[in-house]
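These notes are about the structure you will find just below.
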Amino acid sequence: MDREIPRVEAVKVEVPSSLVVRWRGRRGRDAVNLTGWIATGGDILAPLKDASTFSQAHVASYGSAVAWNDEDLAIDAMHLKMLADEQRPFGNVEIRRWQDQMGISNAEAADLVSVSLSTWSSYRAAGTVPAPIGMLLRAMQRDPLMMQAHLRPRTAGRPRKAATG
Numbered sequence: 012m013d014r015e016i017p018r019v020e021a022v023k024v025e026v027p028s029s030l031v032v033r034w035r036g037r038r039g040r041d042a043v044n045l046t047g048w049i050a051t052g053g054d055i056l057a058p059l060k061d062a063s064t065f066s067q068a069h070v071a072s073y074g075s076a077v078a079w080n081d082e083d084l085a086i087d088a089m090h091l092k093m094l095a096d097e098q099r100p101f102g103n104v105e106i107r108r109w110q111d112q113m114g115i116s117n118a119e120a121a122d123l124v125s126v127s128l129s130t131w132s133s134y135r136a137a138g139t140v141p142a143p144i145g146m147l148l149r150a151m152q153r154d155p156l157m158m159q160a161h162l163r164p165r166t167a168g169r170p171r172k173a174a175t176g
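Residue 176, in our numbering, is where the sequence shown stops; the numbers in between run on with no holes.
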């Protein structure tokens with residue numbers, strides 16, 4: 012996977028376990044909730060559960076990380092960017108892009124995620140995709156094996172008429 016290595020330009024602490032990150036050379040900011048990362052980090056990341064410790068977040072290592080506690084605790088910029096991308100809402104633009112990349116029909120996509128065709132069509136039109144569906148689609152994009160295991164392609168055209176007689 013070829014990815015540009017992101018660099019953090021500035022970081023601001025929001026609510027107990029979230030950061031707003033401004034990336035070097037990019038427009039806009041990303042809000043990143045680190046609650047799950049901290050919760051799965053065991054004893055190593057446990058100090059970040061304390062709001063006063065978490066509030067000391069700062070840019071470290073020339074923008075390659077965000078650190079706390081005299082830089083004993085840190086998250087690298089790549090991991091931070093991946094979390095931000097994963098947490099970004101999945102709307103109709105993303106669902107259309109995903110479907111184009113996967114090369115599947117509306118009916119196949121609806122079957123794949125176990126929703127009706129009308130529900131899939133509303134996701135494509137309305138722009139509101141439930142978070143679990145967005146997570147599933149992103150996971151399939153990263154790991155094609157998931158789609159290969161569960162996709163059931165449809166045959167083009169109408170089904171043949173059953174023989175009578």
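Think of the CB as a built atom: it goes at the ideal place given N, C-alpha and C, for glycine as much as any other residue.
Since the model is a prediction, treat every value here as computed from it, not as a measurement.
Residues near residue i by beta carbon distance below 7 Å, same chain, minus five either side
i	result
K60	I49
M157	A150 and M151
R163	D122
S217	Nothing in the structure corresponds to residue 217, since the chain is present only between 12 and 176.
V24	L30, F65, S66 and A68
H161	L123
Residue j beta carbon less than 8 Å from that of residue i
i	j	result
R40	V26	no
L147	V126	no
N80	P58	yes
A118	R165	yes
R38	A21	no
S1	T51	Residue numbering for the chain in the displayed model covers 12 to 176; residue 1 lies beyond these limits and cannot be assessed.
Enclosing beta strand (DSSP E) for residue i [first to last residue]
i	result
L162	From DSSP, L162 is part of no beta strand (DSSP E); its letter is neither H nor E.
F26	One point to set straight first is that residue 26 is Val, not Phe, in the sequence displayed. No beta strand (DSSP E) contains V26, which DSSP labels as neither H nor E.
V126	Segment: none, V126 is in no beta strand (DSSP E) and carries neither H nor E.
D87	L84 to D87
A71	H69 to A71
Anticipated Cβ contact below 8 Å, residue i with residue j, distance rounded
i	j	result
D71	A85	As written in the sequence, residue 71 is Ala, which differs from the Asp given in the question. Going by Cβ atoms, the distance from A71 to A85 rounds to 6 Å, so yes, they are a contact pair.
A95	Q110	The pair is not a contact, with the Cβ atoms about 23 Å apart (cut-off 8 Å).
V77	L91	6 Å
Nonlocal neighbours in the same chain, by C-beta distance under 8 Å from residue i, ignoring five residues either side
i	result
I144	F101, V124, V126 and Y134
Element boundaries [alpha helix (DSSP H), containing residue i]
i	result
N103	N103 to M113
Contact between the region 131–145 and the region 100–116 (3+ Cβ pairs under 8 Å): yes
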